[in-house]
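One structure is given here, and the rest of the page talks about it.
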Amino acid sequence: MMRNIILVLMIMMSCKSFPQSNCSQYTILPLRTYTDIPEDQCYYRKDTQNELNDYVGTWKASWNNKSTFIYIKKITNKYDNVFKFNKDFLIIKFKTIDSNGAILFDNTLLLDEQAKIEGLNFRKADDRYGFIYQDPDLCLTSGEVRINFINPAKTQLQWNYFQDKYEIDSDCFFYNYPEDQLPRPLPGSAIFIKQ
């Protein structure tokens, strides 16, 4: 009897851990769905209009004697552990070099699941695509990125990065650095050109 109870509990816990892995089919919602989506009910917010495809590729911007290359990739039908439904979204990996070509920051070899910039959705307020940036290698540097096209050919991206205030503890390698020496892996505002 006790063995059966334990077995049932284990099955229930495993279903909770991967709640949508057992879905035989999904209720498809368009990418720009802004209403609440029920949790763990086999919903999939899908890029039905293929809007994300135009962002995919390699982009370059120059700023403050640096160049940043961003590599945007579309991820499809992935479970969101926060909102608890499947979705399509973009991720960004990046490499920043100085004017001599020395690599300052490079996370391009990370697995997709480890990407430091992960897409959220199109913002209803301004129609820009929003991302969250979290970098454990830079003492948990974080912020928000917003992008949008600025030309009809969709070869130029307006980029805005809003870095969160540094919360630097004594274990951080740039603890006690002056403000002008803190790491700046990404431009605050830039125009990225498709490569």
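Per numbering that gives the first Met the number 0, residue 0 is the first one in the sequence shown, and the count goes up by one each step. Beta carbons are placed, not taken as given, at the ideal position from N, Cα and C, and that holds for glycine.
No residue range can be given for ILE36, since it is assigned to no beta strand (DSSP E) and is classified by DSSP as neither H nor E.
Comparing C-alpha distances from LEU30 to each of GLN40, ASP126, SER20 shows the shortest one belongs to ASP126. In the structure shown, ASN52 adopts helical secondary structure according to DSSP, grouped into three states. Every beta strand (DSSP E) stretch that sits fully inside the segment 133 to 181 and reaches 3 residues is listed by chain position as 140 to 148, 155 to 162. The straight-line gap separating the alpha-carbon atoms of LYS164 and SER23 is approximately 44 angstroms. Nearest C-alpha to GLN162 among THR95, GLN180, GLU143: GLU143.
A direct Cα-to-Cα measurement between GLU112 and ASN63 gives close to 30 angstroms. The residues LYS94, in chain order, have a CB closer than 7 angstroms to that of ASP105 in the same chain once the five nearest residues on each side in sequence are set aside. For ALA189, the enclosing beta strand (DSSP E) has its first and last residue at 188 to 193.
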